[in-house]
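J.: Just so you know, the working numbering puts 232 at position 126 of the sequence shown, and the rest follows in order with no gaps. Sharing a structure below in structure tokens format, with a few things to ask.
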Amino acid sequence: MNATSRFLIVAGVDGSEHSLAALRWAVDEARLRHGKVRAITAWHYPPVPSTVEDSGSNDSFHAAERLQADALKTVAGEGVDIEGTLVRDTAATALLDAAKDADLLIVGSRGHGGFAGLQLGSISSQVMHHAPCPVLVVRPRSGA
107 MNATSRFLIV AGVDGSEHSL AALRWAVDEA RLRHGKVRAI TAWHYPPVPS TVEDSGSNDS
167 FHAAERLQAD ALKTVAGEGV DIEGTLVRDT AATALLDAAK DADLLIVGSR GHGGFAGLQL
227 GSISSQVMHH APCPVLVVRP RSGA
């Protein structure tokens, strides 16, 4: 960060309780640092069309769009500049690319993955090891 730029925080948003906690933390941190938040939601084509919500590319994009909009509504009116960005890529790649010019990357400790007992998910682990900036991993207050 230089004297003319604002502190930039990138936050991963996948709609999980953990990512919403990360987004709230990002907004609070941006407020304290007079910075801004870039909320990243990654989407991709499903490997095999499913009968659930992600049955095709448009469905995947629109599901990600709705998910991000719902997440951003939870922090609306907080007085912080928040930019929502949808990225067609894997979550880890999207977050690492978005963090190239960031001062801080904030992610939830885990997302929607099937291993609920894990303390740290695969995406948070990947970004911790490869991010070009400091990383903060957040867990929901409930300890979930």
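Cβ atoms here follow ideal geometry from the backbone N, Cα and C, with glycine treated the same way. These figures come from a predicted structure and were not determined experimentally.
1) Using only the alpha-carbon positions, how far apart do L126 and K206 sit?
2) Put A237 into one of helix, strand or coil per three-state DSSP.
3) Per DSSP, what kind of secondary structure is A117 in: helix, strand or coil?
4) What separation, rounded to the nearest whole angstrom, lies between the Cα atoms of Q232 and A198?
5) Who does V193 pair with in a DSSP beta bridge?
T.: The short version:
1) 22 Å
2) In the structure shown, A237 sits in coil (DSSP, three-state: anything other than H, G, I, E or B).
3) strand
4) 7 Å
5) A148
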